[in-house]
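Novice: Residue numbers (my numbering): 2 to 87. A virtual CB, placed ideally from N, CA and C, is assigned to each residue, including glycine. Please see the structure below; I have some questions.
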């Protein structure tokens, strides 16, 4: 994995692009999320590993389950509701 990240960083440098390390997140998908993989590091800092994040208005989690996204939608539609699909 570090070799792959290194190739991306080289390509970005060749194309005059930079990683915004403050906004970069790492999420391991599927069964690998339960393993102890090394954290990715850029030249300036270590990326933050998250279990879920919001991308273009959709909540994505490491198990690719829709419960976090659906709960957020229900909370917007029914703000006084105590609905939980956990």
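Where does the unbroken alpha helix (DSSP H) through residue 78 begin, and where does it stop?
Specialist: As a position in the chain shown, residue 78 is number 77, starting the count at 1. Here the alpha helix (DSSP H) through residue 78 covers 68-78.
Novice: Pick from 52, 74, 10: whose alpha carbon is nearest that of residue 30?
Specialist: For the purposes of this step, residue 30 is taken as residue 29 along the chain shown, with counting starting at 1. It is 52 whose Cα lies nearest to the Cα of residue 30.
Novice: Which residue's Cα is closest to the Cα of residue 69: 79, 55, 80?
Specialist: Position 68 of the chain shown, counting from 1, holds the residue named residue 69. The shortest Cα separation from residue 69 among 79, 55, 80 belongs to 55.
Novice: Using the Cβ count rule (16 or more neighbours within 10 Å means buried), how would you classify residue 40?
Specialist: Start at 1 with the first residue of the chain shown, and residue 40 comes out as number 39. Label assigned to residue 40: exposed.
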